[in-house]
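Residue numbers for the sequence shown follow UniProt numbering, so the first one is 1 and each next one is one higher.
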Amino acid sequence: MPDLTDLGLSKYEAEAYHALVDAGPTTARELSEVSDVPMGRIYDVLGSIESRQLARSQDASRPKKYVAVDPDAALDRLLAARERELDAEADQYAAVADELRGELTEPPEPDEGYWTAEVGADDAVERLVEQIDDADESIYNVSHTVPTSIDVDAASNRIGDHLVDALERGVTIRFLVSPTLLEDVADDPKLSRLEAYENFEARVGDSVHGDVTIVDGVEVRLDLPNPIAPDEAFAVIDLTDPSFATRVREAFDRGWVAADPIDG
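(1) Rounded to a whole number of angstroms, what is the C-alpha to C-alpha distance between residue 276 and residue 73?
(2) List the whole-angstrom C-beta distance separating residue 4 from residue 16, where the pair is believed to meet the contact cut-off of C-beta under 8 Å.
(3) Report the residue from 22, 53, 143 whose alpha carbon sits nearest the alpha carbon of residue 223.
(4) Return the residue from the list 215, 237, 201 that minimises the CA-CA distance to residue 261.
(5) Whose CA, out of 165, 140, 129, lies closest to the CA of residue 213?
(6) Measuring alpha carbon to alpha carbon, tell me which of 68, 2, 38 ends up nearest residue 19.
(7) So the alpha helix (DSSP H) residue 48 belongs to, where does it begin and stop?
(8) Going along the chain, which residues of its own chain have a beta-carbon closer than 8 Å to the beta-carbon of residue 63, five neighbours each way excluded?
(9) Taking only the alpha-carbon atoms, compute the straight-line gap between residue 163 and residue 221 and give it to the nearest angstrom.
(10) By how many angstroms is the C-alpha of residue 216 removed from the C-alpha of residue 130?
(11) Between which two residues does the beta strand (DSSP E) holding residue 21 run?
(12) Give me whichever residues DSSP pairs with residue 224 in a beta bridge.
(13) Would you report the Cα separation of residue 58 and residue 38, rounded to the nearest angstrom?
(14) To the nearest angstrom, how far is it from the Cα of residue 35 to the Cα of residue 8?
(15) Leaving out five residues on either side along the sequence, give the residues of the same chain with a beta carbon under 7 Å from the beta carbon of residue 206.
(16) Return the residue from the list 195, 225, 182, 240 that minimises the CA-CA distance to residue 259.
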């Protein structure tokens, strides 16, 4: 259950404020007696919540009395202070990330090809988004069907946004799709967003029977269906191997030449 400590108060500060709200104007000694704040700490705690504008003191009274600020105002002040702290932390982390970007260099290309694997629809989508964001020159995609295990609306919205970002960067994107997939996405307004860019093209071909993506001519993504339920996504294999990617690209080009442009 949330309490005032979630908004930045210490345990004693939260206890003192609660006790002030319940007790009304009271002295430090009286507040210590009705709360869990020991007498040896009560003045420091009261000074702290007063500096946070959560309490006010009546200096004219002897002994001095304290009164709580209205809870709505107190919560607004705590929330605003917490937001300022978080904004400052976010700025600090952003500055650290910017500094590290200048220190960390791109890893060298491997002498030999290597591969990685992701299992499950969610991980497959996450990896595809990373690949789109990493693309510098080109993304060539062959798509046969949309797996039933993927939340199509959520995934296509997210992927579409990242594809638009890539097109804005000048990345060439070509989609080669099957007639079956074209029927599923023909009326999708997200496709129209992509068609507005000159560096985007899409064609439909009868020979499309799998799902492959080639990124920057060196990385090949192979989407593997579930062998028990072929309509479901099972795993993704990523191969980084320029010579293999070249052979896949040549096959893509043959299919692209034989395919028909999709009318926008």
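Backbone N, C-alpha and C fix where the C-beta goes; we use that ideal spot for every residue, glycine too.
Note that the structure is a prediction, hence the values are computed from the model and not measured.
Reading from the atomic positions:
(1) This structure gives no information on residue 276, because the portion of the chain shown stretches from 1 to 264.
(2) About 10 Å; that fails the 8 Å criterion.
(3) 143
(4) 201
(5) 140
(6) 68
(7) 39–51
(8) 27, 28, 29
(9) 16 Å
(10) 13 Å
(11) Run containing residue 21: none in the beta strand (DSSP E); it sits in the alpha helix (DSSP H), 11–23.
(12) 235
(13) 21 Å
(14) 19 Å
(15) 179
(16) 182
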